[in-house]
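Asker:
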Amino acid sequence: MDAEDRRLADLQVEVAGAVLAHRRQQFVDLVGHARMLTATAGATTALDERFPDPGATVP
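Per this note's numbering, residue 893 is the first one in the sequence shown, and the count goes up by one each step.
Structure (structure tokens):
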């Protein structure tokens with residue numbers, strides 16, 4: 893593997909990491925919106941059990 897191939901491989905890893913970080917943030921945002929909607933409706937769901945909100949206080 894020459895230097896150009898190595899740079900290309902490094903760039904691919906960097907891009908893949910950025911894409912994964914973006915997808916994770918989209919998922920976190922989606923879970924947050926779902927929580928907001930269920931809280932507005934006064935409901936609790938399995939979503940709260942599966943993805944606990946790290947910022948929530950325990951009653």
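Glycine included, every Cβ here is placed at the ideal spot set by N, Cα and C.
What is the C-beta distance between D945 and R927, in whole angstroms, given that I count them as a contact (C-beta under 8 Å)?
Answerer: The Cβ separation is near 7 Å, so the contact holds.
Asker: Please report the distance separating the alpha-carbon of R899 from that of T930.
Answerer: Each residue's Cα considered, the two are about 47 Å apart.
Asker: Find out if the Cβ-Cβ distance for the pair L943, V923 is shorter than 9 Å.
Answerer: The sequence as given places Phe at residue 943; Leu does not occur at that position. Yes, these two residues count as a Cβ contact at 9 Å.
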